[in-house]
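Beneath this line is the structure, given in structure tokens, with notes to follow.
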Amino acid sequence: MAGGLKGETFLTTTTTTVKRAVYDLPLVARMPDELLEAAADGPLLLHHAEWFCKLRWLVVVAMLALALVALLTGDWLLQYGIRLQTGWPLGVAGVLVLANAAYLVMLRSVRKSLSLTAAANRCLWLQILVDLAVLTAVVHFLGSVETVAPLMVLFHIVLVCLFFSSAQSLAVTGIALAMYVLCVALESSGILPAQSAWAPFSPAVRSELPGGVLAAHVCAVVFISITVWFLASRLAGALRQRDAELAATNRRLMAATDERARHMLQTTHQLKAPFAAIHANTQVLLGGFCGKISDEALQVIGKIAARCEMLSCEIKAMLQLANLRSNAQDPPKPTAIELHELLRACLASLEPLAAKRGIRFDENIVSATIRGVHDHVVMMIDNILSNAVAYSCDGQQVSVLCQPKPSGGAFVTVEDSGIGIPTTKLPLIFDDYYHTAEAVKQNKASTGLGLAIVRQVAVAGKVGVRVESAPQQGTLFTLDFPACWGEARRLT
1 MAGGLKGETF
11 LTTTTTTVKR
21 AVYDLPLVAR
31 MPDELLEAAA
41 DGPLLLHHAE
51 WFCKLRWLVV
61 VAMLALALVA
71 LLTGDWLLQY
81 GIRLQTGWPL
91 GVAGVLVLAN
101 AAYLVMLRSV
111 RKSLSLTAAA
121 NRCLWLQILV
131 DLAVLTAVVH
141 FLGSVETVAP
151 LMVLFHIVLV
161 CLFFSSAQSL
171 AVTGIALAMY
181 VLCVALESSG
191 ILPAQSAWAP
201 FSPAVRSELP
211 GGVLAAHVCA
221 VVFISITVWF
231 LASRLAGALR
241 QRDAELAATN
251 RRLMAATDER
261 ARHMLQTTHQ
271 LKAPFAAIHA
281 NTQVLLGGFC
291 GKISDEALQV
301 IGKIAARCEM
311 LSCEIKAMLQ
321 LANLRSNAQD
331 PPKPTAIELH
341 ELLRACLASL
351 EPLAAKRGIR
361 FDENIVSATI
371 RGVHDHVVMM
381 IDNILSNAVA
391 YSCDGQQVSV
401 LCQPKPSGGA
411 FVTVEDSGIG
421 IPTTKLPLIF
431 DDYYHTAEAV
441 KQNKASTGLG
451 LAIVRQVAVA
461 GKVGVRVESA
471 PQQGTLFTLD
481 FPACWGEARR
491 LT
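Residue numbers (my numbering): 1 to 492.
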């Protein structure tokens, strides 16, 4: 695999006779970017918990690196007044590794929880409390008074301000400061032996420090932490408010778009019957059932009939695409589909059109059964077969293959030897109303919605779609139908 385009699989393959570009349709629905509104949302909390786990691995690496530095250069650093040890960094790294392993196991169970928000919230808070305890231990070993290690808590404060509400981030800040104050109190009382990475200081020096100096140091750390929390929480709160305003605006825009779509759908539906009636009447006139008509008039009526047929097809495609995208009703339930029979029925409906242009179907269809939405599968296959016929040259062949997969589901391939698709335009062919210049020349009656319908069905049913094509080398569509509708598949 080489290259990429918008994060999508996009590569070039070479065979002995055909050089084609290959494009895999992403099985992710294209939706407008949605802004997250609340930190209490379950998936968002779960994302934060997973992000903390990734960050924790970096801390593990940092602790191991610190232990390695202490082992290799400890004596050299000591002459500069830096006393590093190997024991406690390795201990902290071990604790974090075990904690992260436990968190990852916990996150798997959280994903299956019925109350995702509450479970993710508990997991995240457990991680924060353990991290604060480990951070307090690191501060103790580096020096709770003699060094600037206590200010490392500021990183945690800024992070929780970004993820949590002001009240929750204040609670985390209070817990972190309480742990630090307790650490200093235990060291000052002699219950916990004072430690320091700064060699000139020792427990004896600590015991000689006036109480006012210790109090001033602790108060400075508390003051700086509270100030950072206040500033970070205000900025984070302003960002969340702006996000909420943008989300509200986005909802209004989406509602307006849906309203316009409903009006368009209603208008399109109302136009369907008149165009069908006009087309039917033109066929009556062209058939000579209303008396003799001059050749000039017949030419005009023929153009009217052709245009009505094009508009009727476009209206049909617009209605199909609108119904596929509609959320106003429950999606149809999958049923058992004899895919080979469905394919043969689609081929039979296209046979008269193909025969007019001398296009032959080479069928290799093996019995295969899938579960899916029958009408949707018909739309998908019918559009792909119609394109194969429309963009083939007269007298060419369209090959159709269907075969079951051992793991369930089926593969369907449709290959033509027609005009093909330029490499750079492959990712665009599934967009609404998109036409290549070559396609317009070959098929002026195209609606530009056929492959948009294919994309919509593929995303809904998790049907893998691969396109291989090159100009004047034909096009090969491969459909990877899952055994169960909506079960994600990936072409290999």
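Even glycine gets a Cβ: it sits at the ideal position worked out from N, Cα and C.
- Between the C-alpha atoms of Gly464 and Ala101 there is a straight-line separation of about 34 Å.
- Thr249 and Leu235 have their C-alpha atoms spaced approximately 21 Å apart.
- Judged by pairs of C-beta atoms under 8 Å, the stretch 48 to 62 touches the stretch 117 to 126, as three or more such pairs exist.
- In the displayed model, Asn100 falls within a helix according to three-state DSSP.
- In this structure, DSSP gives Glu351 a helical state, which the three-state scheme calls helix.
- In the three-state reduction of the DSSP assignment, Ile337 falls in the strand class, which pools E and B.
- Between Trp485 and Leu339, the alpha-carbon positions lie close to 13 Å from each other.
- Val138 places its beta carbon 8 Å or farther from that of Glu468.
- Ranked by Cα distance from Val97, the first of Lys405, Gly358 and Val134 is Val134.
- With a beta-carbon spacing of about 7 Å, Ser446 and Ala390 fall inside the 8 Å limit used to define contacts.
- Within the DSSP bridge table, the entry for Ser399 names Asp362 and Glu415 as partners.
- Judged by their CB atoms, Ala197 and Leu142 are nearer to each other than the 8 Å cut-off.
- Ser417 is positioned such that its CB atom lies closer than 8 Å to that of Ser392.
- Approximately 7 Å separates the beta-carbon atoms of Val366 and Pro404; this is inside 8 Å, confirming the contact.
- Straight across, the Cα-Cα distance linking Arg357 with Leu45 is about 59 Å.
- Val145 counts as buried, since at least 16 other C-beta atoms from the protein chains shown sit within 10 angstroms of its C-beta.
- In this structure, the alpha-carbon of Leu214 lies about 28 Å from that of Ala70.
- Between the stretch 368 to 378 and the stretch 336 to 356 there are three or more inter-stretch CB-CB distances shorter than 8 Å, so the stretches are counted as touching.
- Scanning its chain for C-beta atoms nearer than 8 Å, with the 5 sequence neighbours on each side dropped, one finds around Ile278 the residues Ile304 and Cys308, in chain order.
- Considering only Thr478, Asn383, Val221 and Ile421, the residue with the shortest C-alpha distance to Ala470 is Ile421.
- Between Gly372 and Gly461, the C-beta spacing is below 8 Å.
- The Cβ-Cβ distance between Cys53 and Tyr103 falls below 8 Å.
- By the C-beta density criterion, Arg108 is exposed, having fewer than 16 other C-beta atoms within 10 angstroms.
- Between Ala171 and His156, the C-beta spacing is not below 8 Å.
- By the neighbour-count criterion, in which 16 or more other beta carbons inside 10 Å mark a residue as buried, Ala67 falls on the buried side.
- Boundaries of the beta strand (DSSP E) around Val22: Lys19 to Asp24.
- DSSP, reduced to helix, strand and coil, places Glu309 within a helical segment of the structure shown.
- Asp480: member of the beta strand (DSSP E) spanning Thr475 to Phe481, first to last residue.
- DSSP, read as helix, strand or coil, puts Glu314 in helix.
- Scanning its chain for C-beta atoms nearer than 8 Å, with the 5 sequence neighbours on each side dropped, one finds around Cys183 the residues Thr136, Val139, His140, Ser144 and Leu192, in chain order.
- Going by C-alpha positions, Tyr433 is about 9 Å away from Gly450.
- The DSSP-derived three-state label of Pro427 is helix.
- Distance from the CA atom of His217 to the CA atom of Leu239, rounded to whole angstroms, is 33 Å.
- For the pair Ile226 and Leu151, the CB atoms are not nearer than the 8 Å cut-off.
- Contact annotation: Asp480 and Ala452 have beta-carbon atoms that are not nearer than 8 Å.
- In the three-state scheme derived from DSSP, where H, G and I count as helix and E and B as strand, Ile453 is classed as helix.
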